[in-house]
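Chemist: Chains A and B, in that order, are what the protein sequence lines are.
As numbered in the working numbering, residues 122 to 807 make up the first sequence, in order.
As numbered in the working numbering, residues 122 to 807 make up the second sequence, in order.
Heads up, the beta-carbon is just placed ideally off N, CA and C, and yes, glycines get one too.
Below is one structure. I have some questions about it.
Protein chains: 2
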Amino acid sequence: MTLQSFFYPHSVAVAGSASEGKLGFFLIKQLLEGGFSKVYAINPKGKGAFSVPGFREAREIGEEVDLVVIASPAPTVKEVLEDCGKSGIKSAVIISAGFSEIGNWKEEQKLLQIARKFSMRLIGPNCAGIVNTHHRLFATLETRPPSGCTAFISQSGALGGAVLSWAEEQGLGFSKFVSYGNGIDIDDVELLDYLADDPETKVVALYLETARKGRELLRAIRNVSRKKPLVLIKSGKSQAGKRATLSHTGSLAGSDEVFDCALKDTGAIRVEGIEEMFDLCRGFSLLPPVTGKKVLIVTNSGGPGVLTTDKAEEMGLEVAEPSAPLKEKFRRFLTPRCSLKNPVDFTVEGTEEDFQRTLALGLKGDDGDGEYNSAIAINVGTPFLDSVSLARGIASGAKETGKPVLASFLAGKIVEEGIRFLKENGIPNFQTGERAAKVISLMHQYHINKEKIKDLPPSPEPLRRKRGFKFPQTEPEVFQFLKDLRLPVPDFRFAETEPQAMKFAGEVGFPLVMKLVSHSVVHKSEVGGVVLNIQDLKGVQESFQKLKEKVPPGDFLGVTMFPMISALFEALVGVYRDPQFGPVIAFGMGGIYTEILKDVSLRLAPLDEEGAGFLIEETKFSKILKGARGKKGCDLESLVDLLVKVSRMPFLFQEIGEMDLNPVFLLEKGVLIGDARIIQIPGGKK
Amino acid sequence: MTLQSFFYPHSVAVAGSASEGKLGFFLIKQLLEGGFSKVYAINPKGKGAFSVPGFREAREIGEEVDLVVIASPAPTVKEVLEDCGKSGIKSAVIISAGFSEIGNWKEEQKLLQIARKFSMRLIGPNCAGIVNTHHRLFATLETRPPSGCTAFISQSGALGGAVLSWAEEQGLGFSKFVSYGNGIDIDDVELLDYLADDPETKVVALYLETARKGRELLRAIRNVSRKKPLVLIKSGKSQAGKRATLSHTGSLAGSDEVFDCALKDTGAIRVEGIEEMFDLCRGFSLLPPVTGKKVLIVTNSGGPGVLTTDKAEEMGLEVAEPSAPLKEKFRRFLTPRCSLKNPVDFTVEGTEEDFQRTLALGLKGDDGDGEYNSAIAINVGTPFLDSVSLARGIASGAKETGKPVLASFLAGKIVEEGIRFLKENGIPNFQTGERAAKVISLMHQYHINKEKIKDLPPSPEPLRRKRGFKFPQTEPEVFQFLKDLRLPVPDFRFAETEPQAMKFAGEVGFPLVMKLVSHSVVHKSEVGGVVLNIQDLKGVQESFQKLKEKVPPGDFLGVTMFPMISALFEALVGVYRDPQFGPVIAFGMGGIYTEILKDVSLRLAPLDEEGAGFLIEETKFSKILKGARGKKGCDLESLVDLLVKVSRMPFLFQEIGEMDLNPVFLLEKGVLIGDARIIQIPGGKK
């Protein structure tokens, strides 16, 4: 574990001015106040601060230093690093900004060269530093957070700082924190791999702006998620967001839909923003796993109970009514005014005992496994209610059951004491019951998904080409290419002249379809370049002439002729290359509906058969493919086979930039490609 | 203004035990502590409390009393009310619970009878009381909220209490608060009408569990929204939520989709929960209107800037890049490290002046109207930044421009001072930039929507029936019924025997469609009760026999015969009656796609032509109806005409419970009803 010296150094040097008010000074102050004592200062004046001795160069220190934190101006970082390297320091955190994030790539690369020369490892530059609360190491200019079991990795330093500042108020403790900034050496992937096995970390939170390492990042995410929950914020969803990300970190943000599709089967939980991240990390830190969907809501107030129920059901939880025997048990100690459905509404008269016994019976029952998997306890305080007493009832009920119990005490000062009691007793409190419901739902999703984490199938090697292979250009070439690869294409003919067309018509059979072939036409159907349902030779003759006249004489290459196919459904199958994650496959409703209904699902390529099945099921369209309302179902096996083959194409042929098969005709038996377009990358690309 | 004596009483009597620890005692304490002095106590012992004199009966008081607040046990309320009525008190707030909410309808009705007898008006029972901060009236057991310009009406007392308790911390002040509980006399409708014209109220917030008065409530909502923003929470979305609402207020919750459709054209803004309500009310209270979509984001930290941009664009705002001349102006005073796109990222070095000048230039420009309509200013604090100075820059920038500026200072204690400064200077601060973005978007929506508030067209009167009119039962009767009403049905025939069918075939023409007519079959296509594309007389004969054999001999009534129609699209048109809001019309994609894609929009009936146009446009389907990808567009005028006519049907015929027209064939010229089903309400219903 090469990162050990970053998180568990015996001694730390701070490089940068130690004069009062300067960054080096503040870093030293932080380290000392945080409880770390073996600190040295390095700066041109050789100035120390507080009890910390100062040196002009690292080599003067004369003792072994594990870690250097550099906060000197950008132009000086190179020399500082060289000096540290020479003196044998193996780990450096570079807080200093002014590198690739403002276009200064060259200077940044020099830092990496120096590090390589001395076998040093780097975090940063342009980062907010690192924290290990369990080692009392606060090598950061940000607020020192409370200790706990959540590790937080942030690509953005300032956002990382905001999270640390907020932690105390939000009641979340951190094990480790790293802001890796421009990440020229140690980056998200390596940090995730480290934290996956860190015994002091139960939950990993990650703020990401760009997924630079694409599939390697996904591997690291899977590795964490198999061991502990990974909660992730990914920004740059919007177009403007992407632009800002670009200017902020100097690299391209992948499109958001692709990011979501890449996260499939990884077990990671993507949240919307910081508040949700805090909520969920508190849930994972404090609570046992949520093993099922059934949630019991107990409340002393109807309104918030109903709002919580709404949210719980929206999130896919079951707010099931208690069974008759359980109701009977409730009835024995609850007043007749209580509603015994779920939410169980004690009304404002609800007591400590009501909360305690209802939770215990609902979650534990008499034999250790009650009807519910988790519970939310809501208390709306009034100036005349003792919120500590109710908190006590909830805490002791929860303790009895060993199942997850979340609280929502509303609101403000009148429930402050109660919330403090909850916190001391390990019950997380949420601003609203709705937020608690969302946490339960996401924790449950993790519990299910972590068993289904699935690696991508191995990527096929590029095909060896036959001598004289030319990448297909025109439609008949594309169809021949697909046919050679054993993809399902109809029996077609390419006719360059009218007599040829007349001859082929008999071979294809009537009714038939004729399509214009020309380099100058991209969207055939929009220029009337497709004639459907040709019934006889006269039709063939007329159609040929009509199509020929659509383009200038030199542009006309001929026509393709297909049998007229009557399909159950029309689908779209496509592949394209994402700059971050590589080949992606798309499936959805085809024809005129594709763009309007946008019922398309995406997965990373290649697919195995299971993955192809998931891809189909993720569309709404899939519900009718099996047959509905008297309509027959199509041949899903052939569709799966096609998807698997298409998903391998960009690996087999690096020239394939994008490929659209639309429509693909779905038949009762088999599938057939109705139209195909391939966008070639000049020279090919990995 | 009959509610004046509730909100501006000169004197208040409290009915209920005034012994220490009892509700009457607490109510008196609240009134006095809130600053209201003319208070009397009424209770069987004639006991007073503090400086307040006690009386056994209202009649003993001997002075005029404007308002009585009743908190005595449920069985005693009747007598108390009678006594107050006799002594001339005209307004009563009944806090006491134990009436219809626990099934005690009879007792509740008696209260209403007594009130009527004495021309008294009632709020409650089972409510949390009323507040008028501008009159120092706190007739409630809940926390006394700070004064402000938001009025809050809550159907739930406890939720109302939670909101009041949270108000101080959330920084929202209230003008008036009413919890109307079971609402037997004064209810949401009357309170909304009052608050619409209340000069002390700038924003109205409403928490609703059931919309009991349906269309009357919508009228009151429109009336408020035309004058000031109305922010609304409606709970009971989920099935379980509905059940809980039922148990909680003793009335049925309407389905959530219908509620949303009913709110269309009313100008009301529905929010998800209490936090969003607070955010939005603070925005409306403190800020000028948001007149356009362009938002400027200024920040000293990239990450939160990007997250805010993501949310802003998701909410439909434009995070447009500054024009070249504006960038040039920014460049003059900002350091080269700043990103001048939008978000404008000052980095951690951003100063008071940077915030102030950038906001002023972006919102005001040189001539009073800058490029942006609103701005979000984000400050991520560090322990070494002066948040007050940045707050000062933002406040003075905002003041110069007169446009809405929202802040988000992150996080916790390190920005507390800055947030306080913002508050003192009327700049609302939000927990995250994302929440600020949502507020701007909703405020902008209100600004647009309030100009488009539209009353429902008048409901048609029931049709006078011709002598002998019988409501249609079988399919041929239904088609004849629709034809008589001049709805577009194909030229059809009803044949009871095979010879009839053979004869009619010539009249209908080939190819034709034949459908089974039988009382015992509901979904014809699912039992093979429809034969398409019959080409000749032989086909007619065979099909007749085949359909006849589908049902037991006694159940066969005959067949209907239609010409085979080739449509551009198939649509669904339907009406049904919602228990709260009455007739609703639905339009969407027809055929096999209806249930799977659920691309259906709803509006309250009846529709005028404009409303029918909106109904169509609210579906995704509408985008292809005008023609797309080489496909022809359909006759929208005829479709609008059909929708208007169908929307009037439930008013013309009170027997119509539900009606499904599916498919409706959309043609290049005209529309035709392909299949029709009417579910009749026995005896008819309004």
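#1: Does ASP431 (chain B) get closer than 7 angstroms to chain A when you measure Cβ to Cβ?
#2: For LYS604 (chain B) and VAL610 (chain B), what's the separation of their Cα atoms in angstroms?
#3: Apply the 10 Å Cβ neighbour rule to GLU811 (chain B) and answer buried if 16 or more other Cβ atoms are within range, or exposed otherwise.
#4: Candidates B:PHE677, B:TYR697, B:PRO700 and B:GLY711: which alpha carbon is nearest PHE690 (chain B)'s?
#5: At the level of alpha carbons, what is the spacing between ILE540 (chain B) and LEU527 (chain B)?
#6: Using a C-beta to C-beta distance shorter than 7 angstroms, which residues of chain B count as neighbours of TRP287 (chain A)?
#7: What is the C-beta distance between ILE515 (chain B) and ALA498 (chain B), in whole angstroms, given that I count them as a contact (C-beta under 8 angstroms)?
#8: Given this structure, state the Cα-to-Cα distance separating ALA288 (chain A) from GLN125 (chain B), to the nearest angstrom.
#9: Suppose contacts are defined by Cβ-Cβ distances below 7 angstroms. Is LYS358 (chain A) in contact with ASP377 (chain A) by that definition?
#10: What is the DSSP secondary structure of LEU608 (chain A), reduced to helix, strand or coil?
#11: Answer with yes or no whether the minimum CB distance from LEU788 (chain B) to chain A is below 7 angstroms.
#12: Since PRO350 (chain A) and TYR567 (chain A) should fall inside the 8 angstroms C-beta cutoff, what is the C-beta to C-beta distance between them, to a whole number of angstroms?
#13: Less than 7 angstroms between the beta carbons of MET398 (chain A) and ALA341 (chain A), yes or no?
#14: Report the three-state DSSP secondary structure of CYS270 (chain A) (helix, strand or coil).
#15: Determine whether the Cβ of GLU537 (chain B) lies closer than 7 angstroms to any Cβ atom of chain A.
#16: Which chain B residues sit within Cβ distance under 7 angstroms of ARG458 (chain A)?
#17: Please tell me whether SER140 (chain B) and ARG180 (chain B) are closer than 7 angstroms, where the distance is taken between their beta carbons.
#18: Taking 7 angstroms as the cut-off, decide whether the C-beta atoms of ILE216 (chain B) and ALA192 (chain B) are in contact.
#19: Work out the CA separation of TYR129 (chain B) and VAL310 (chain B) for me, nearest whole Å.
#20: Express the C-alpha separation of GLU178 (chain B) and VAL201 (chain B) in angstroms, rounding to a whole number.
#21: Kindly list, in the order they appear in chain B, the residues whose Cβ is closer than 9 angstroms to that of THR479 (chain A).
#22: Would the beta-carbon of LEU136 (chain B) fall within 7 angstroms of that of TYR161 (chain B)?
#23: Quick check on DSSP: helix, strand or coil for MET241 (chain B)?
#24: Determine whether the beta carbon atoms of LEU338 (chain B) and ARG391 (chain B) lie at a separation below 7 angstroms.
#25: For a contact meaning CB atoms closer than 9 angstroms, what does THR264 (chain A) contact in chain B?
#26: Taking the alpha-carbon positions, what's the SER356 (chain A) to PRO632 (chain A) distance?
#27: Please report how far the alpha carbon of MET635 (chain A) lies from the alpha carbon of PHE708 (chain A), in whole angstroms.
#28: Going by the beta-carbon positions, is the gap between LEU508 (chain A) and VAL469 (chain A) smaller than 7 angstroms?
#29: Compare the Cα-Cα distances from GLU637 (chain B) to each of B:PHE615, B:SER172, B:PHE742 and B:GLY703 and report the closest residue.
#30: Strictly below 7 angstroms CB to CB, what residues from chain B border TYR328 (chain A)?
#31: Please report how far the alpha carbon of LEU482 (chain A) lies from the alpha carbon of LEU506 (chain B), in whole angstroms.
#32: Give me, in chain order, the residues of the same chain whose beta-carbon lies closer than 7 angstroms to that of LEU480 (chain A); leave out the 5 immediate sequence neighbours on both sides.
#33: Taking all protein chains shown into account, decide if ARG586 (chain B) is buried (16 or more other Cβ within 10 angstroms of its Cβ) or exposed.
#34: Thinking LEU760 (chain A) and ALA688 (chain A) are a contact (beta carbons under 8 angstroms), I'd like their distance in whole angstroms, please.
#35: Identify whether TYR567 (chain B) lies in helix, strand or coil by the three-state DSSP scheme.
#36: Do PRO727 (chain A) and ARG769 (chain A) have their beta-carbon atoms positioned less than 7 angstroms apart in this structure?
Modeler: According to the structure shown:
#1: Reading the second sequence from its first residue, position 310 is the one you call residue 431 (chain B). Yes, ASP431 (chain B) lies at the interface with chain A (some Cβ there is under 7 angstroms from its Cβ).
#2: Against the second sequence, residue 604 (chain B) aligns to sequence position 483. Against the second sequence, residue 610 (chain B) aligns to sequence position 489. If I take the Cα positions, the gap works out to 6 angstroms.
#3: For residue 811 (chain B) there is no data in the structure shown, the boundaries of chain B being 122 and 807.
#4: Taking the first residue of the second sequence as 1, we reach residue 690 (chain B) at position 569. Looking from the CA of PHE690 (chain B), the closest CA among B:PHE677, B:TYR697, B:PRO700 and B:GLY711 belongs to B:GLY711.
#5: By one-based count along the second sequence, residue 540 (chain B) stands at place 419. By one-based count along the second sequence, residue 527 (chain B) stands at place 406. Going from the Cα of ILE540 (chain B) to the Cα of LEU527 (chain B) covers about 12 angstroms.
#6: Along the first sequence, one-based indexing puts residue 287 (chain A) at 166. Simply LEU531, ALA532 and GLY533.
#7: On the second sequence, residue 515 (chain B) is found 394 positions in, with the first residue counted as 1. On the second sequence, residue 498 (chain B) is found 377 positions in, with the first residue counted as 1. Indeed, because the Cβ distance is near 5 angstroms, the residues count as touching under 8 angstroms.
#8: Indexing the first sequence from 1 puts residue 288 (chain A) at position 167. Indexing the second sequence from 1 puts residue 125 (chain B) at position 4. C-alpha of ALA288 (chain A) to C-alpha of GLN125 (chain B): approximately 48 angstroms in a straight line.
#9: For this step, residue 358 (chain A) is matched to residue 237 along the first sequence. For this step, residue 377 (chain A) is matched to residue 256 along the first sequence. Against a cut-off of 7 angstroms, the Cβ pair of ASP377 (chain A) and LYS358 (chain A) comes out as a contact.
#10: By 1-based counting over the first sequence, the position of residue 608 (chain A) is 487. Correct three-state label for LEU608 (chain A): coil.
#11: To locate residue 788 (chain B), count along the second sequence from 1; it is residue 667. With its beta carbon at least 7 angstroms from every one in chain A, LEU788 (chain B) lies outside the interface.
#12: Along the first sequence, one-based indexing puts residue 350 (chain A) at 229. Along the first sequence, one-based indexing puts residue 567 (chain A) at 446. Confirmed, about 5 angstroms.
#13: Position 277 of the first sequence, counted from the first residue, corresponds to residue 398 (chain A). Position 220 of the first sequence, counted from the first residue, corresponds to residue 341 (chain A). Against a cut-off of 7 angstroms, the Cβ pair of ALA341 (chain A) and MET398 (chain A) comes out as no contact.
#14: As a first step, residue 270 (chain A) is located in the first sequence; it is residue number 149 there, counting from the start. It is a strand residue.
#15: Within the second sequence, residue 537 (chain B) is the residue found at index 416, counting from 1. With 7 angstroms as the cut-off, GLU537 (chain B) does not count as an interface residue toward chain A.
#16: Counted from its first residue, the first sequence places residue 458 (chain A) at position 337. What ARG458 (chain A) touches in chain B: ILE223.
#17: Locating residue 140 (chain B) in the second sequence gives position 19, counting from the first residue. Locating residue 180 (chain B) in the second sequence gives position 59, counting from the first residue. Cβ distance not < 7 angstroms, so SER140 (chain B) and ARG180 (chain B) don't count as in contact.
#18: The residue labelled residue 216 (chain B) in the question sits at position 95 within the second sequence. The residue labelled residue 192 (chain B) in the question sits at position 71 within the second sequence. Between ILE216 (chain B) and ALA192 (chain B), the CB-CB gap stays under 7 angstroms.
#19: The count along the second sequence starts at 1 and reaches residue 310 (chain B) at position 189. The count along the second sequence starts at 1 and reaches residue 129 (chain B) at position 8. Whole-angstrom Cα-Cα distance: 20 angstroms.
#20: One-based indexing of the second sequence puts residue 201 (chain B) at position 80. One-based indexing of the second sequence puts residue 178 (chain B) at position 57. VAL201 (chain B) and GLU178 (chain B): Cα-Cα distance of roughly 8 angstroms.
#21: On the first sequence, residue 479 (chain A) is found 358 positions in, with the first residue counted as 1. In chain order: nothing, as chain B lies at least about 15 angstroms away.
#22: Stepping through the second sequence from its first residue, residue 136 (chain B) is reached at position 15. Stepping through the second sequence from its first residue, residue 161 (chain B) is reached at position 40. Checking the displayed sequence, the identity of residue 136 (chain B) turns out to be Ala instead of Leu. Not in contact: ALA136 (chain B) and TYR161 (chain B) (Cβ atoms no closer than 7 angstroms).
#23: In the second sequence, the residue the question calls residue 241 (chain B) occupies position 120. DSSP places MET241 (chain B) in coil when its eight states are reduced to three.
#24: Position 217 of the second sequence, counting from 1, holds the residue named residue 338 (chain B). Position 270 of the second sequence, counting from 1, holds the residue named residue 391 (chain B). Cβ distance not < 7 angstroms, so LEU338 (chain B) and ARG391 (chain B) don't count as in contact.
#25: One-based indexing of the first sequence puts residue 264 (chain A) at position 143. Those within 9 angstroms of THR264 (chain A) in chain B are GLY502, THR503, PRO504, ALA532, GLY533, LYS534 and ILE535.
#26: For the purposes of this step, residue 356 (chain A) is taken as the residue at position 235 of the first sequence. For the purposes of this step, residue 632 (chain A) is taken as the residue at position 511 of the first sequence. Rounded to whole angstroms, SER356 (chain A) to PRO632 (chain A) spans 53 angstroms at the Cα level.
#27: In the first sequence, the residue the question calls residue 635 (chain A) occupies position 514. In the first sequence, the residue the question calls residue 708 (chain A) occupies position 587. Roughly 26 angstroms between the two C-alpha positions.
#28: As a first step, residue 508 (chain A) is located in the first sequence; it is residue number 387 there, counting from the start. As a first step, residue 469 (chain A) is located in the first sequence; it is residue number 348 there, counting from the start. The question names Leu, but residue 508 (chain A) in the sequence shown is Ser. With contacts defined by Cβ atoms closer than 7 angstroms, SER508 (chain A) and VAL469 (chain A) do not form a contacting pair.
#29: On the second sequence, residue 637 (chain B) is found 516 positions in, with the first residue counted as 1. Sequence check: residue 637 (chain B) is Leu here, not Glu. Ranking B:PHE615, B:SER172, B:PHE742 and B:GLY703 by Cα distance to LEU637 (chain B) puts B:PHE615 first.
#30: One-based indexing of the first sequence puts residue 328 (chain A) at position 207. Chain order gives the chain B residues near TYR328 (chain A) as GLY424, where near means a beta carbon separation below 7 angstroms.
#31: Here the question's residue 482 (chain A) lines up with position 361 in the first sequence. Here the question's residue 506 (chain B) lines up with position 385 in the second sequence. Using only the alpha carbons, I get a separation of about 52 angstroms.
#32: The residue labelled residue 480 (chain A) in the question sits at position 359 within the first sequence. Residues of the same chain with a CB within less than 7 angstroms of the CB of LEU480 (chain A), apart from the 5 flanking positions on each side, are VAL419, ALA496, ALA498, ILE515, GLY518, ALA519, THR522 and VAL526 in chain order.
#33: Translated into the one-based positions of the second sequence, residue 586 (chain B) becomes position 465. Its Cβ having fewer than 16 others within 10 Å, ARG586 (chain B) is exposed.
#34: Looking up residue 760 (chain A) in the first sequence gives position 639. Looking up residue 688 (chain A) in the first sequence gives position 567. No, LEU760 (chain A) and ALA688 (chain A) are not in contact; Cβ-Cβ is about 12 angstroms, not under 8 angstroms.
#35: As a first step, residue 567 (chain B) is located in the second sequence; it is residue number 446 there, counting from the start. TYR567 (chain B) falls in the helix class under three-state DSSP.
#36: Your numbering for residue 769 (chain A) matches position 648 in the first sequence. Your numbering for residue 727 (chain A) matches position 606 in the first sequence. The answer is yes: Cβ separation under 7 angstroms.
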